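Reminder that position 360 of the sequence shown reads as 359 in numbering that gives the first Met the number 0, one-by-one numbering, no gaps.
Here's the structure, in structure tokens; my notes come after.
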Amino acid sequence: MAIDFTFKIGGEAGQGLQSIGYVLSKAFAKGGLYIFVNQDYESRIRGGHTFVQVRARDEPVYTLSEDVNMLIALNNETIDLHKDELVKGGAIIFDGEKNPVKTADQYYSIPLEKLALEKGGSRIMINTVATGAAMGMLNYNFELLVEVLAEEFGRKGKDVVESNVNATKAGYDYARDNCRGRYGFTIRPIGSSKRMFLNGDEAIATGAIVAGCKFMAGYPMTPTSPILEFFASKAKEYNLVFIQSEDELAAMNMVVGAGYVGVRAMTATSGDGFALMIEGLGQAGMTETPIVAVEGQRPGPAVGLPTRTAQSDLLYIIRAGNDEFPRAVFTPGTIEDAFWLTTKAFNIAEKYQIPVIILIDQHLADSYRTVDRFDLSKVKVER
0 MAIDFTFKIG
10 GEAGQGLQSI
20 GYVLSKAFAK
30 GGLYIFVNQD
40 YESRIRGGHT
50 FVQVRARDEP
60 VYTLSEDVNM
70 LIALNNETID
80 LHKDELVKGG
90 AIIFDGEKNP
100 VKTADQYYSI
110 PLEKLALEKG
120 GSRIMINTVA
130 TGAAMGMLNY
140 NFELLVEVLA
150 EEFGRKGKDV
160 VESNVNATKA
170 GYDYARDNCR
180 GRYGFTIRPI
190 GSSKRMFLNG
200 DEAIATGAIV
210 AGCKFMAGYP
220 MTPTSPILEF
230 FASKAKEYNL
240 VFIQSEDELA
250 AMNMVVGAGY
260 VGVRAMTATS
270 GDGFALMIEG
280 LGQAGMTETP
290 IVAVEGQRPG
300 PAVGLPTRTA
310 QSDLLYIIRA
320 GNDEFPRAVF
330 TPGTIEDAFW
340 LTTKAFNIAE
350 KYQIPVIILI
360 DQHLADSYRT
370 VDRFDLSKVK
380 VER
């Protein structure tokens, strides 16, 4: 039977929704399934409503599905907002001891907080218990979950890994023992896989490093901040230089300076951040300096809506700056495009001594997908 299963995990910002989505995704990917993950979040650190949607298939997947098979609700608002998206025979996992009791067939009450306190020692383990419960409902391979938890939390020490495994096992066992009787859907691994699991931002940052980019300066702006974070995290390993500048003007000027002395350099920002970079962009055009800039689109003028997606900046990017100067604009549509066009961007910038702009949107920047490993033997660094 073909596998096409969608989870939606909802709650408040700060409840660990991304952790649930990440662990579920990695566990399924290890079992040979193809994954697509979409995140919907607000511009706030705590509170509000946010959700992560994970789609798992037995063949390549490139987008999300409107049909939800399992809703993991960490608060009652998630149930109210998303219960009607559930397919027939779907399941809603919720904490019946904390929320009003639901009696319909699709509701599966699991004492998430109680198990988190008993087995994990803290309320912050609620998301971990919920992850285990979802996998227990599906009778998925628990050992793959343990592998992912060890990879995710290993840097924090053995005790943290053990606490997370215990909390996950508690949720897994409770759901399997108490809910499997009336929920018959099962997902099993279809093989092993070494596919990568990354989003558009990470693909661009990886492409830049492979292309020989040695300098990056930027001021954090959603949705391209992960490019800066990824590059900075690899600085020591690959002998890179990253500077978090005081603003976008400084970032662009630093990149132009690096490019002028022969260093492959890049910056990344959003539409409103790019507005502050335009004078520096013109300077690169005037001095025939090769640079690469990434612009992540989001809707609205000025600051706009930082955590939503848009594709409205193409003409703005093509015409940015006073008078005229040559430039190239790349618009990747997939994670694979994001990697390969970034490697090409540096070659084009250097060959023609021009600025190159990579134009993406928030959806591509933030969405995760399993992709085959890039064949680095096909990367050409033309200097």
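Cβ atoms here follow ideal geometry from the backbone N, Cα and C, with glycine treated the same way.
Keep in mind the model is a prediction, meaning the values are calculated, not measured.
Chain-order list of residues whose beta-carbon lies under 7 Å from that of residue i (same chain, five-residue window excluded)
i, result
"G120", "S162"
"R56", "I2, D3, L32 and Y33"
"I277", "A319 and G320"
"N138", "R175, R179 and T185"
"I356", "A292, E294, I316, R326 and V328"
"I242", "A216 and M253"
Among the options, nearest to residue i - alpha-carbon criterion
i, options, result
"V36", "T185, L16, L63 and L80", "L63"
"M124", "V255, K155, I19 and D104", "I19"
"A133", "E287, R56 and I92", "I92"
"V159", "K118, F196, V67 and D104", "K118"
"Y434", "F273, A267 and T286", "This structure cannot speak to residue 434, because the chain is shown only from 0 to 382."
"R297", "A364, I317 and R263", "A364"
"E41", "R175, V380 and T306", "T306"
"S232", "G299, R54, I357 and E201", "E201"
"V164", "F141, Y173 and G183", "F141"
"A210", "L239, P225 and M220", "L239"
"A204", "P219, T223, F196 and R194", "T223"
"E247", "L85, F230 and A274", "A274"
Element boundaries [alpha helix (DSSP H), containing residue i]
i, result
"P386", "Examination of residue 386 is not possible in this model, given that the chain is present from 0 through 382 alone."
"L239", "Careful: L239 lies outside any alpha helix (DSSP H) and carries neither H nor E."
"T167", "K157 to N177"
"N68", "N68 -> not in any alpha helix (DSSP H); beta strand (DSSP E) instead, spanning V67 to A72."
"K350", "I334 to Y351"
"Y259", "E247 to Y259"
Same chain, Cβ closer than 8 Å to residue i, neighbours up to 5 away in sequence not counted
i, result
"Y237", "I208"
"E150", "K25"
"R45", "E11, A12 and G13"
"G284", "G320, F324, P325, R326, I353 and P354"
Residue range of the unbroken beta strand (DSSP E) whose run includes residue i
i, result
"D360", "P354 to D360"
"Y139", "Where Y139 is concerned, there is no enclosing beta strand (DSSP E), given that its DSSP letter is neither H nor E."
"K7", "D3 to A12"
"M215", "F214 to G217"
"T369", "Y367 to V370"
"Q17", "Unbroken run through Q17 is the alpha helix (DSSP H), L16 to K29; no beta strand (DSSP E)."
"D312", "Note, D312: premise wrong, no beta strand (DSSP E); not H, not E."
Sheet register partners of residue i (DSSP bridge)
i, result
"E294", "T268 and L358"
Own chain partners of residue i with C-beta closer than 6 Å, once the 5 adjacent residues on each side are dropped
i, result
"L340", "F329 and P331"
"V254", "A216, A264, T266 and I290"
"I334", "G199, A202, R368 and V370"
"Y182", "A90 and M136"
Uninterrupted alpha helix (DSSP H) stretches inside the region 89-114 (no shorter than 4 residues): 111-114
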